[in-house]
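This note's numbering numbers the first residue of the sequence shown as 485 and each following residue consecutively.
First comes the structure, then the notes that go with it.
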Amino acid sequence: MDEYLAYSRRVEVLNRGMGGTMFLMPLAACIDQKIVPRVCAHDFGKSFEEITENDWRDYFLSAREVQELDLDSVAKAMASLKMDTKIRDAESRVGRLLADFYDKLEQLDVAHLPEQEPKQSVKILTAAIRPSQLKATVERQLTREANKA
């Protein structure tokens, strides 16, 4: 969509500067034609001919809207996240945990969770820490840090 908006601005500027008329290609023509039938059927529930240029624009711009997070479903999906205790190096162990955490966020399409809900992210990561003695130590340290503030 960003590329199409840049293209439409260029055409508009050219039309103003040249005094001529360059026609703007319809947005629907810029979409991969292999996916158009699926998008029409599943997302719009209409045939291609029934969908207007404004419908296409609104459809693609709606992807920029941030959906409200369902923290319960995210927490349930993250319950399987565990620290790999087979890795000996502590830094590598934490790095693997973070990589798995971000992979799951991508799968759930909530990659913005750490910025929007940092406390929830810390809870999820803390719950994934293994062994239990390390987890208890981290939780105590987090409690101390919270009490300082």
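A virtual CB, placed ideally from N, CA and C, is assigned to each residue, including glycine.
Option in the options with minimal Cα separation from residue i
i: D568; options: L618, T505 and Q625; result: L618
i: L508; options: Y491, M502, Q625 and R500; result: Y491
i: Y543; options: V523, S557, A559 and K560; result: V523
i: A612; options: K560, A630, F528 and L489; result: K560
Rounded straight-line distance, which links the Cα of residue j to that of residue i
i: L589; j: A595; result: 5 Å
i: D593; j: E549; result: 13 Å
i: L555; j: I535; result: 35 Å
i: A574; j: Q625; result: 17 Å
i: S531; j: L511; result: 16 Å
i: M610; j: E552; result: The identity of residue 610 in the sequence shown is Thr, whereas the question assumes Met. C-alpha separation (whole angstroms): 23 Å.
i: P598; j: Q517; result: 36 Å
i: V497; j: K603; result: 47 Å
i: R614; j: C514; result: 49 Å
i: P541; j: A633; result: Correcting the residue type first, residue 541 is Arg in the shown sequence and not Pro. Using only the alpha carbons, I get a separation of about 46 Å.
i: N538; j: L582; result: 41 Å
i: T627; j: S564; result: 24 Å
i: D584; j: R577; result: 11 Å
Assumed close pair residue i, residue j - CB separation to whole angstroms, cut-off 8 Å
i: V495; j: M506; result: 5 Å
Quiz item: What are the uninterrupted segments assigned as alpha helix (DSSP H) that are 4 or more residues long and contained completely in the region 504 to 564, given in chain order?
Solution: 537 to 545 and 555 to 562
Exercise. Go through the region 584 to 628 residue by residue and report every complete run of the alpha helix (DSSP H) that reaches 4 residues or more, in order.
Key: 597 to 600 and 602 to 611
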